[in-house]
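**Student:** Residue numbers (the numbering used here): 357 to 532.
I am attaching a structure below and will ask some questions about it afterwards.
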């Protein structure tokens, strides 16, 4: 069994577009801007033997605000540039009551089967309550990347940091 770091996309890997206190995804590949230290963090985690798996809700495709091919182009770039092993996407909206949309743990559970991941030795790094809830439900340790979003705060993440780079340093040092 292998270890993984599950990564939320918007607000952890790339800058989220914040409007009226709420985070939104970039609308194009040109708008996809990695946050400082992300490339270094993913390189170090990958070199240490962690599988890196992005788990992201992208409901704007279902609602018609975004095209699936645009999302897939962004994901291809992330795979190519950031040592990411896999990207799991939920395109559902809350009303669909699926098992994959965070805060449900479905994407993490599917990845665990596909990649032979030991969830108890794995981590989820996210910037919203949905991420932390999904990680906890899957049995992972959770790391919250601070944000100034005007929304519900997560319940008891295992660590709170300012960036993915800081999260990677805690994980690699065995401090969480």
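Heads up, the beta-carbon is just placed ideally off N, CA and C, and yes, glycines get one too.
If you draw a straight line from the C-alpha of residue 483 to the C-alpha of residue 357, how long is it?
**Tutor:** Here residue 483 is taken as the residue at index 127 of the chain shown, counted from 1. Here residue 357 is taken as the residue at index 1 of the chain shown, counted from 1. Going by the C-alpha atoms only, they are around 27 angstroms apart.
**Student:** Compare the C-alpha of residue 495 against each of 477, 416, 452 and 425 and name the closest.
**Tutor:** Reading the chain shown from its first residue, position 139 is the one you call residue 495. Nearest of 477, 416, 452 and 425 to residue 495, Cα basis: 477.
**Student:** Which first and last residues belong to the alpha helix (DSSP H) in which residue 394 is found?
**Tutor:** On the chain shown, position 38 is the one that residue 394 refers to. Note, residue 394: alpha helix (DSSP H), 394-403.
**Student:** Is it a yes or a no for the segment 405-414 touching the segment 361-372, going by three-plus beta-carbon pairs under 8 angstroms?
**Tutor:** Flag = yes, the segment 405-414 and the segment 361-372 touch.
**Student:** Pull up the distance between the alpha-carbon of residue 388 and that of residue 382, whole angstroms please.
**Tutor:** Position 32 of the chain shown, counted from the first residue, corresponds to residue 388. Position 26 of the chain shown, counted from the first residue, corresponds to residue 382. The alpha-carbon atoms of residue 388 and residue 382 are separated by roughly 6 angstroms.
**Student:** Which of helix, strand or coil does DSSP assign to residue 372?
**Tutor:** For this step, residue 372 is matched to residue 16 along the chain shown. Of the three classes helix, strand and coil, the one that applies to residue 372 here is coil, per DSSP.
**Student:** Compute the Euclidean distance between the alpha carbons of residue 395 and residue 521, then round it to the nearest angstrom.
**Tutor:** Residue numbering aside, residue 395 sits at position 39 when the chain shown is read from its first letter. Residue numbering aside, residue 521 sits at position 165 when the chain shown is read from its first letter. When rounded, the distance between both Cα atoms is 9 angstroms.
**Student:** Residues in its own chain within less than 8 angstroms of residue 502 by CB, not counting five upstream and five downstream?
**Tutor:** Taking the chain shown and counting its residues from 1, one reaches residue 502 at position 146. Excluding residues within five positions, the ones whose Cβ falls inside 8 angstroms are 483, 516, 517 and 518.
**Student:** Pick from 486, 449, 437 and 434: whose alpha carbon is nearest that of residue 420?
**Tutor:** As a position in the chain shown, residue 420 is number 64, starting the count at 1. Ranking 486, 449, 437 and 434 by Cα distance to residue 420 puts 449 first.
**Student:** Quick check on the DSSP output: the alpha helix (DSSP H) that includes residue 487 runs from which residue to which?
**Tutor:** Locating residue 487 in the chain shown gives position 131, where the first residue counts as 1. From DSSP, the alpha helix (DSSP H) with residue 487 extends over 485-494.
**Student:** Given that a residue counts as buried once 16 or more other Cβ atoms are within 10 Å of its Cβ, and exposed if not, what is residue 458?
**Tutor:** On the chain shown, position 102 is the one that residue 458 refers to. Looking at its Cβ environment, which holds 16 or more other Cβ atoms inside 10 Å, residue 458 is buried.
**Student:** What three-state label does DSSP hand residue 420 in the structure shown?
**Tutor:** What you label residue 420 is simply residue 64 of the chain shown in a count that begins at 1. Residue 420 falls in the coil class under three-state DSSP.
**Student:** Applying the 10 Å Cβ sphere with the 16-neighbour rule, what's the burial state of residue 489?
**Tutor:** Within the chain shown, the letter at position 133 stands for residue 489. Buried, since its Cβ has 16 or more Cβ neighbours within 10 Å.
**Student:** Taking only the alpha-carbon atoms, compute the straight-line gap between residue 513 and residue 523 and give it to the nearest angstrom.
**Tutor:** Mapped onto the chain shown, residue 513 falls at position 157. Mapped onto the chain shown, residue 523 falls at position 167. Answer to the nearest angstrom: the Cα atoms are 12 angstroms apart.
**Student:** Helix, strand or coil: which one does DSSP assign to residue 499?
**Tutor:** One-based indexing of the chain shown puts residue 499 at position 143. Residue state, collapsed to three classes: strand.
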